[in-house]
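First up is the structure itself, then whatever we jot down about it.
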Amino acid sequence: MADQSAPPVPSDHIMGVYSRTPLAFERGEGARLYTTDGEAYLDCMAGIAVTALGHSHPKLIQAVKDQAEKLWHTSNIFTIPNQEKLATALTDATFADVVFFTNSGAEAIECAIKTARKYHWAKGNPERIDIIGFDGSFHGRTLAAVNASGNAGYLEGFGPPMPGFVHLPYGDHEALKAAIGPTTAAILIEPVQGEGGARSLPDVCMRGLRQLCDEAGILLIYDEIQCGLGRTGKLFAYEWADAPPDIMAVAKALGGGFPVGACLATVEAASGMTPGSHGSTYGGNPLAMAVGLASLEELVKPELLAHVREVAGYFNQQLTGLKDRFPDVVVDIRGKGLLIGIKLATPNREFMQHARDQHLLIAGGGDNCVRLLPPLTLTLDEAREAMAGLERACEMAQAKVKAA
Numbered sequence: 103m104a105d106q107s108a109p110p111v112p113s114d115h116i117m118g119v120y121s122r123t124p125l126a127f128e129r130g131e132g133a134r135l136y137t138t139d140g141e142a143y144l145d146c147m148a149g150i151a152v153t154a155l156g157h158s159h160p161k162l163i164q165a166v167k168d169q170a171e172k173l174w175h176t177s178n179i180f181t182i183p184n185q186e187k188l189a190t191a192l193t194d195a196t197f198a199d200v201v202f203f204t205n206s207g208a209e210a211i212e213c214a215i216k217t218a219r220k221y222h223w224a225k226g227n228p229e230r231i232d233i234i235g236f237d238g239s240f241h242g243r244t245l246a247a248v249n250a251s252g253n254a255g256y257l258e259g260f261g262p263p264m265p266g267f268v269h270l271p272y273g274d275h276e277a278l279k280a281a282i283g284p285t286t287a288a289i290l291i292e293p294v295q296g297e298g299g300a301r302s303l304p305d306v307c308m309r310g311l312r313q314l315c316d317e318a319g320i321l322l323i324y325d326e327i328q329c330g331l332g333r334t335g336k337l338f339a340y341e342w343a344d345a346p347p348d349i350m351a352v353a354k355a356l357g358g359g360f361p362v363g364a365c366l367a368t369v370e371a372a373s374g375m376t377p378g379s380h381g382s383t384y385g386g387n388p389l390a391m392a393v394g395l396a397s398l399e400e401l402v403k404p405e406l407l408a409h410v411r412e413v414a415g416y417f418n419q420q421l422t423g424l425k426d427r428f429p430d431v432v433v434d435i436r437g438k439g440l441l442i443g444i445k446l447a448t449p450n451r452e453f454m455q456h457a458r459d460q461h462l463l464i465a466g467g468g469d470n471c472v473r474l475l476p477p478l479t480l481t482l483d484e485a486r487e488a489m490a491g492l493e494r495a496c497e498m499a500q501a502k503v504k505a506a
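So my numbering is basically just the index in the sequence shown, starting at one, shifted up by 102.
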């Protein structure tokens, strides 16, 4: 009989698009993941900022159980009561008036792009199709999303670049002003970059973008798929600057691990989205909406957001000290809240392995960064444990530098 505790052998029948780490987890609790052979790891990835309330959160489990016993799916040609409730909760908590529900962040971005272009078409300006984005950005893996993203590598082998997408250097305000023209539809930006290296857009720049879009008659789209829903210490990152968008894509934490995404918009920005202009088979299904409601009810709590700010402050202080002690390893500390980037002088994938050797899980990122994306419920004691693991990883990386 096969050893049931042994890690599963990678399958030849799974498309080879992931470079998988030979770790297999069978259960999770809070900020812990447990492998098939019983080893515990401190999870400071949270499924890439997804399991924001930790693993096996009792409220989310109960929501799934209760709804699964009633109704999983109906078509969007019918009214879905919990969809109405979650849309109201999201609009009550944000700038938005209307919501379209999706299954993922990439689909939310697709909806945002279509909404922006359809807005101008409905206003009699069909030539306004250009979406201005920035280098280092990441908006998803669908074809339009990778064209919107500022990373040419994601497009290799998938045909020529699609028209209607413009990419500019991150932070070059003069280039941005010069790029806006008669075919511009919108500016698309992450208030805090995720995959691109955890760069945080300064508040003054966010307010400047809002003013620029108003003056040019174009729309401002925020991608808060990774940085939204409490990750920065406010429900959404744009709140720090008081610079609301016209359209916003969210996902990840919204379902706490269950596939839920959403495109939020003002009623004006969504004025071109009429019946038949967009749709989704699974988006907004009853099961997803029950989980989304349960998750959002927790994420909006002031005490949780205050806790995020407290733990983020601890990390920022300790990581600054780590940078000072290991200058040959740590170059910079970036990000906002619990979306933390550590730019390294040594290869980030090696550093991730050093962390795993300490039973600490961290994420990679662009610009040779690693990211800390723990559950928002991470305790201060767990944060101290994470810092101890990072310090040991730095010691290992430094020893390798000295041995070279």
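Glycine residues also receive a C-beta, built at the ideal position from the N, C-alpha and C atoms.
Only a predicted model underlies this, so the values are computations on that prediction, with no experimental measurement involved.
Query raised in the report: Which residues share a DSSP beta bridge with D232?
Result: T286
Requested in this report: Take V201 and list the residues in its own chain whose beta-carbon comes closer than 6 Å to its own, dropping the five residues that flank it on each side.
Outcome: A189, L192, A364 and L366
Query - Whether V352 touches E326 by CB criterion (8 Å) - result: yes
Requested in this report: Enumerate, from N- to C-terminal direction, the unbroken beta strand (DSSP E) stretches of 3 or more residues contained entirely within the region 342-397.
Outcome: 349-352 and 363-367
Query - Exposure of I116, with buried meaning 16 or more beta-carbon neighbours within 10 Å - result: exposed
Query raised in the report: For the 8 Å Cβ check, are there 3 or more pairs between the region 288-306 and the region 443-456?
Result: yes
Requested in this report: Ignoring anything shorter than 4 residues or poking outside the region 183-232, list the alpha helix (DSSP H) runs there in chain order.
Outcome: 183-194 and 207-224
Query - Distance between D168 and N253 (C-alpha atoms, nearest Å) - result: 42 Å
Query raised in the report: So is R230 buried or exposed if we call it buried at 16+ other beta carbons inside 10 Å?
Result: buried
Query raised in the report: In this structure, does DSSP put Y256 in helix, strand or coil?
Result: helix
Query raised in the report: Per DSSP, what kind of secondary structure is E292 in: helix, strand or coil?
Result: coil
Query raised in the report: What whole-angstrom Cβ distance do Q441 and A210 have, given they're in contact under 8 Å?
Result: Position check: residue 441 holds Leu in this sequence, whereas Gln was assumed. Actually they are not in contact, since the Cβ atoms of L441 and A210 sit about 18 Å apart, beyond 8 Å.
**Report entry** Inter-residue CB distance, A154 and G358 (contact presumed, cutoff 8 Å)
**Finding:** 6 Å
Query raised in the report: How many whole angstroms separate the CB atoms of W174 and P346, which I take to be in contact at a CB cut-off of 8 Å?
Result: Contact doesn't hold; Cβ gap of about 35 Å is too wide.
Query raised in the report: Alpha carbon to alpha carbon, what distance is there between D483 and V268?
Result: 45 Å
Requested in this report: For the region 412-422 and the region 368-388, state whether three or more C-beta atom pairs, one from each stretch, are separated by less than 8 Å.
Outcome: no
Query - Buried versus exposed, by CB contacts within 10 Å (16 or more), E212 - result: buried
**Report entry** When Y221, C146, A126 and G132 are compared against T138, the one with the closest alpha-carbon
**Finding:** A126
Query raised in the report: What separation, rounded to the nearest whole angstrom, lies between the Cα atoms of F203 and D430?
Result: 46 Å
Query raised in the report: What's the gap between the Cα of G130 and the Cα of L463?
Result: 13 Å
Query raised in the report: What does a CB cutoff of less than 8 Å around F260 pick up in its chain, not counting 5 residues either side in sequence?
Result: L245 and V248
Query raised in the report: For Q106, is the classification buried or exposed, using 16 other Cβ atoms within 10 angstroms of its Cβ as the cut-off for buried?
Result: Legend: pLDDT at Q106 = 49, less than 50; position of this residue unreliable, no value from coordinates given.
Query raised in the report: In chain order, what residues of the same chain lie with their CB nearer than 7 Å to the CB of A75, ignoring the 5 residues before and after it?
Result: Nothing can be reported for residue 75, as the shown portion of the chain is limited to 103 through 506.
Query raised in the report: Over what stretch of residues does the beta strand (DSSP E) that includes H456 continue unbroken?
Result: Unbroken run through H456 is the alpha helix (DSSP H), N450 to D459; no beta strand (DSSP E).
Query - Nearest-angstrom Cα separation, counted from A506 out to L337 - result: 45 Å
Query - Residue nearest to T123 in terms of C-alpha spacing, selected from E452, G468 and P476 - result: E452
Requested in this report: Take Q295 as the anchor and find which of P284, L478, H241 and A142 has the nearest alpha-carbon.
Outcome: H241
Query raised in the report: For C471, which beta-bridge partners are listed by DSSP?
Result: K445 and G467
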